[in-house]
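Per the working numbering, the very first residue in the sequence shown carries number 931; after that it's consecutive.
First up is the structure itself, then whatever we jot down about it.
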Amino acid sequence: MPSGQLAYEMVSHKVKSSTGKESDLTDRYASGPTIPGPTLVMKEGDVAEVTLQHGIADSALPVSIHVHGVHFKIDSDGTMKVLNGVADEAAFPDKPYTYKWTAAPGTAGTWAYHDHAFGNPMLGAEDKGLFGTLIINPASGKVPALIDGKIVDVDLADVKREFIIWMHETTFWGQELNHIIEGGKEIPLWTNPTVGARLGEKVRFHVMGIGTAFHTFHLHAHRWIEPGATAGVDTVNIGPISRTSFIVKAGEGVGPGDWHYHCHVIQHMQSGMMGDFRVIE
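Structural data, given as structure tokens:
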């Protein structure tokens, strides 16, 4: 990227249904590389093949994708032979590499993918921007949420906006999945973004950590439930590669406004690690 950071870019995304019908989803992604990288969405039961092409200028060092959450064989681990003892599972200039992932039952959730090969000693360049999100939706198409003070199963078809919020050192990196636009659209939000929704809309947040720092994510005026819990929370601890995913009803009980979100580690907040959740009527 012009900043000198590294980033993943979606070149082509095609999906084949169980009947063999193929759909091209490439247009839903931003043109050019983004941080975080393209958000990949699967459903329990799906199988994916992900081919990585090397595009780092003036470098012959390998680059890879290591993914969390899904099932894969050792040749899709995204590491180098010096670590895995099997093979160099990375892309080199003019030599792409293909990974195979299975979203088996029980893998539903929000997961990270990141480089695990670039640099010396070949451990990866996630700190330079090579990270992204994999969302595996449950086969049921529903997730529990705290709505109007009650825990209910929300149909994901009713969620029109999803926000990906990565916490990297003292900066938020954001991305929006907009399901209102026909066919869906991924919109890069870059650093410390203002995210927004209309009053009463159901909004899904995915908050993840990367780097070396530990954080405390806090969203003002809104509460949600953590997986397996029944009590509402408004703050959650986020460490490197740990994550949470939740749904809120925008402005529930509090109305429209610019609702603050930030890291509650005071040094991080003082360094500018904050943004707004803008709720409009």
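Even glycine gets a Cβ: it sits at the ideal position worked out from N, Cα and C.
- In this structure the stretch 961-973 does not lie against the stretch 1006-1025, because fewer than three pairs of beta carbons, one per stretch, are closer than 8 Å.
- For secondary structure counted as the alpha helix (DSSP H) over 4 or more consecutive residues, the stretch 1182-1209 holds these complete runs in sequence order: 1196-1200.
- Secondary structure note for Leu1013: its alpha helix (DSSP H) is the uninterrupted segment 1011-1014.
- Under a 10 Å Cβ-count criterion, His1136 is classified as buried, with 16 or more other Cβ atoms of the shown protein chains found around its own Cβ.
- Nearest in C-alpha terms to Tyr1043, of all of Gly1130, Val997, Tyr959, Val1125, is Val997.
- Here the stretch 1111-1131 lies against the stretch 1177-1185, with 3 or more beta-carbon pairs under 8 Å apart.
- Between the alpha carbons of Met1199 and Cys1193 lies a distance of about 6 Å.
- As the crow flies, the alpha-carbon of Phe1048 is around 7 Å from that of Ser994.
- Straight-line measurement puts the Cα of Met1097 at about 18 Å from the Cα of Ile1117.
- Close CB contacts of Lys1011 within its chain, under the 6 Å cut and outside five residues either way in sequence, are with Ala1017, Asp1018 (chain order).
- Note that the C-beta distance between Asp954 and Lys944 is below 8 Å.
- When the Cα atoms are used, Tyr959 and Ile1004 turn out to be separated by approximately 29 Å.
- As the crow flies, the alpha-carbon of Ser961 is around 16 Å from that of Gly1062.
- Leaving aside the five residues that flank Ala1069 on each side, the residues in its chain whose CB is nearer than 8 Å to its CB run, in chain order, Lys973, Glu974, Gly975, Pro1035, Ala1038.
- Considering only Ala1055, Gly985, Met1052, Glu1056, the residue with the shortest C-alpha distance to Lys1025 is Gly985.
- If one requires a minimum length of 3 residues, the beta strand (DSSP E) runs lying completely within the stretch 938-981 are 944-946, 952-954, 970-973, in chain order.
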